[in-house]
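>
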Amino acid sequence: MRRFDYDSTRNSLRWMSLIHQKRKHLICLSNYRSIVVNVLNRRRQPFPLSVDIEGCETVPCNVIKGSTAIMNVHFVGTRDNTKKITGVVHATSLGITIPYPLPDEVADVCSNLLYGAECPIDETEDVVYNFKFDVDSSYPEVSVKVQLDLVDELNQSVACFIADIKVQKG
Numbered sequence: 001m002r003r004f005d006y007d008s009t010r011n012s013l014r015w016m017s018l019i020h021q022k023r024k025h026l027i028c029l030s031n032y033r034s035i036v037v038n039v040l041n042r043r044r045q046p047f048p049l050s051v052d053i054e055g056c057e058t059v060p061c062n063v064i065k066g067s068t069a070i071m072n073v074h075f076v077g078t079r080d081n082t083k084k085i086t087g088v089v090h091a092t093s094l095g096i097t098i099p100y101p102l103p104d105e106v107a108d109v110c111s112n113l114l115y116g117a118e119c120p121i122d123e124t125e126d127v128v129y130n131f132k133f134d135v136d137s138s139y140p141e142v143s144v145k146v147q148l149d150l151v152d153e154l155n156q157s158v159a160c161f162i163a164d165i166k167v168q169k170g
C-alpha cells in the first residue's frame, strides 16, 4: 500500500503556506510524494491529511478492470456536529470531466468510517473513510483523474483530493 501524505515534508508545507499567503482559492490538491502538483482556482476546500491507496506503488495508480480500488482517506472534521458526509466523485479523462455516481452505500461516508468512528463528527476530529471504488470491466483502458470531494449536509467540502489512476486489463 502506498501512502500519500499531504503534510509530511517542508516542500509541501512551504507550498501550502505560499498558497494561503497569496489568498488563492483552492478547489483540490492533487498531491503525490508530498509535492503540490495541481491546485485549481475556484473555491476553498480543505485537503485530507493523507490518502492510502491499496496496492499502489507508483503514480499513476494502476487499477484492474473488474476489481475494487480501495482508498483510505484520513481527514479532519471542519465544524462541530457534522451529521452527514457524502462522497462526490468526478472523473476526468481525455479532457472530459463527468460526474461518477456512487452507490448510496459507498457515497455514505459516515457508514464507512474506520476504527469505530461514527457521525456526527466534530471540528478537529480526525477520522478515516474507507472508500471502495468499483472498476467496471467495461471501462476503457485509459488514464483517469478521479476527484473525490467529501461534502457535508450543508454541501460544504470537508476534504477533497485528486488521484491519478490508470485502468488496466486484469
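Numbering-wise (full-length UniProt numbering), the sequence shown opens with residue 1 and increments by one. All C-beta atoms in this analysis are idealised placements derived from N, C-alpha and C, irrespective of residue type, glycine included.
Let's test the definition: count the other Cβ atoms within 10 Å of the Cβ of residue 63 and tell me whether it reaches 16, buried, or not, exposed.
Residue 63 is buried by the Cβ-count criterion.
> Over what stretch of residues does the beta strand (DSSP E) that includes residue 91 continue unbroken?
85-93 is the extent of the beta strand (DSSP E) around residue 91.
> Does DSSP put residue 130 in a helix, in a strand, or in coil?
Residue 130 falls in the strand class under three-state DSSP.
> If you run the structure through DSSP and keep just helix, strand and coil, what is residue 112?
Of the three classes helix, strand and coil, the one that applies to residue 112 here is helix, per DSSP.
> For residue 149, tell me which candidate among 67, 87, 52, 76 has the shortest Cα-Cα distance.
Closest option to residue 149, Cα to Cα, is 87.
> Grab the span of the alpha helix (DSSP H) containing residue 142 for me, first residue to last.
Element bounds for residue 142: n/a, residue is neither H nor E.
> I believe residue 65 touches residue 169 by the beta-carbon criterion, under 8 angstroms. Please report the beta-carbon distance rounded to the nearest angstrom.
About 6 angstroms; that satisfies the 8 angstroms criterion.
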